[in-house]
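These protein sequence lines map, in sequence, to chains A and B.
Per the numbering used here, the first sequence starts with residue 1, numbered consecutively.
Per the numbering used here, the second sequence starts with residue 1001, numbered consecutively.
Backbone N, C-alpha and C fix where the C-beta goes; we use that ideal spot for every residue, glycine too.
See below for the structure under consideration.
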Amino acid sequence: GQSLEQPSEVTAVEGAIVQINCTYQTSGFYGLSWYQQHDGGAPTFLSYNALDGLEETGRFSSFLSRSDSYGYLLLQELQMKDSASYFCAVRDTKGFQKLVFGTGTRLLVSP
Amino acid sequence: GAGVSQSPSNKVTEKGKDVELRCDPISGHTALYWYRQSLGQGLEFLIYFQGNSAPDKSGLPSDRFSAERTGGSVSTLTIQRTQQEDSAVYLCASSSGQKFYEQYFGPGTRLTVT
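This is how it looks when you write it as structure tokens:
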């Protein structure tokens, strides 16, 4: 089967840098996606890593190491609005074009 | 352009009643997904459509749940004989072509079964 592990909660202060880790177990790996969800809102796509290395998009970066079955989302210059839940996801191994999501990490940013 | 829309935004129903939830995906998106999310929990996959076909219905919790998609566009999720444990937010998402990893979500339907 497939499994993804994320910390349940991470806390940080405004202006800091925070890293949200995701380890996965899956066969037929096709890349790691990250989504953000604010309370009461819908998930929004943040990034996708198909290959090893770091992808940067503004204050957010995402990293993947396929050999370690590990990735992380890095948020820099934290703002209060970054308080949200963050989900990592991998492609389903049954060959369908759908995602299996992790349980999510709740990020709390304090002043 | 328009995003994914869902209706109704909120639905309160009595136990035992049937409900229909609607999803309008982004125009041209071939893949459509239904998820369920309980308060503070993760995303529970329900069903996935590619065009009008549903290659994967493995997430439907019971035979009270069914879904269809017509014209490669609008989808309806139907829950028959609702139970209190069906109370949750039902989210629909769509994606284009091979970009399954980049899903666009609708605002969800909050279902409350009393």
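Going by DSSP in three states, Q1080 (chain B) sits in which element: helix, strand or coil?
In the second sequence, counting from the first residue as 1, residue 1080 (chain B) sits at position 80. Here Q1080 (chain B) sits in coil by DSSP.
Answer with buried or exposed for R59 (chain A), where buried requires no fewer than 16 other C-beta atoms within 10 angstroms of its C-beta.
By one-based count along the first sequence, residue 59 (chain A) stands at place 59. Its Cβ having fewer than 16 others within 10 Å, R59 (chain A) is exposed.
Burial state of L1039 (chain B), where buried means 16 or more other Cβ atoms lie within 10 Å:
One-based indexing of the second sequence puts residue 1039 (chain B) at position 39. Looking at its Cβ environment, which holds fewer than 16 other Cβ atoms inside 10 Å, L1039 (chain B) is exposed.
So if I threshold CB-CB distances at 8 Å, which residues from the stretch 76-88 of chain A count as touching chain B?
Within the stretch 76-88 of chain A, F87 place their CB atoms closer than 8 Å to a CB of chain B, listed in sequence order.
Alpha carbon to alpha carbon, how far is S1087 (chain B) from T1013 (chain B)?
Position 87 of the second sequence, counting from 1, holds the residue named residue 1087 (chain B). Position 13 of the second sequence, counting from 1, holds the residue named residue 1013 (chain B). Inter-residue distance for S1087 (chain B) and T1013 (chain B) is about 10 Å (C-alpha atoms, whole angstroms).
Going by beta carbon distance, what residues of the same chain come within less than 8 Å of Q37 (chain A), once the five residues before and after it are set aside?
To locate residue 37 (chain A), count along the first sequence from 1; it is residue 37. Around Q37 (chain A): P43, T44, A84, S85, Y86, F87 and G104.
Which word fits T1070 (chain B), buried or exposed, when buried means at least 16 other C-beta atoms lie within 10 angstroms of its C-beta?
Here the question's residue 1070 (chain B) lines up with position 70 in the second sequence. Residue burial annotation: T1070 (chain B) is exposed, with fewer than 16 other C-beta atoms found within 10 angstroms of its C-beta.
Residue-level contact to chain A via CB, Q1084 (chain B), 9 Å cutoff:
Here the question's residue 1084 (chain B) lines up with position 84 in the second sequence. Not closer than 9 Å to any Cβ of chain A, the Cβ of Q1084 (chain B) fails to qualify, so no.
Length of the line joining the Cα atoms of S1096 (chain B) and A12 (chain A)
For the purposes of this step, residue 1096 (chain B) is identified with residue 96 of the second sequence, where counting begins at 1. For the purposes of this step, residue 12 (chain A) is identified with residue 12 of the first sequence, where counting begins at 1. Per the coordinates, the alpha-carbon of S1096 (chain B) lies some 35 Å from the alpha-carbon of A12 (chain A).
Please return the same chain residues whose Cβ sits closer than 6 Å to the Cβ of L110 (chain A), not counting the five positions on each side in sequence.
Residue 110 (chain A) sits at position 110 when you count from the first residue of the first sequence. Note that residue 110 (chain A) is Ser in the sequence shown, not Leu. Excluding its 5 nearest sequence neighbours in each direction, S110 (chain A) has C-beta neighbours in its own chain below 6 Å: V13, listed in chain order.
With a cut-off of 8 Å on the beta carbons, I'd call V10 (chain A) and L107 (chain A) a contact; round off their distance for me.
In the first sequence, residue 10 (chain A) corresponds to position 10, counting from 1. In the first sequence, residue 107 (chain A) corresponds to position 107, counting from 1. 5 Å between Cβ atoms; contact.
Under a Cβ-count criterion, where at least 16 other Cβ atoms within 10 Å of its own Cβ denotes burial, should L114 (chain A) be classed as buried or exposed?
Residue 114 (chain A) falls outside the range modelled here, since chain A spans only 1 to 111, and no answer is possible.
Considering only the alpha carbon of each residue, which of B:K1015, B:D1024 and B:D1018 lies closest to S1007 (chain B)?
Here residue 1007 (chain B) refers to the residue found at position 7 of the second sequence. Ranking B:K1015, B:D1024 and B:D1018 by Cα distance to S1007 (chain B) puts B:D1024 first.
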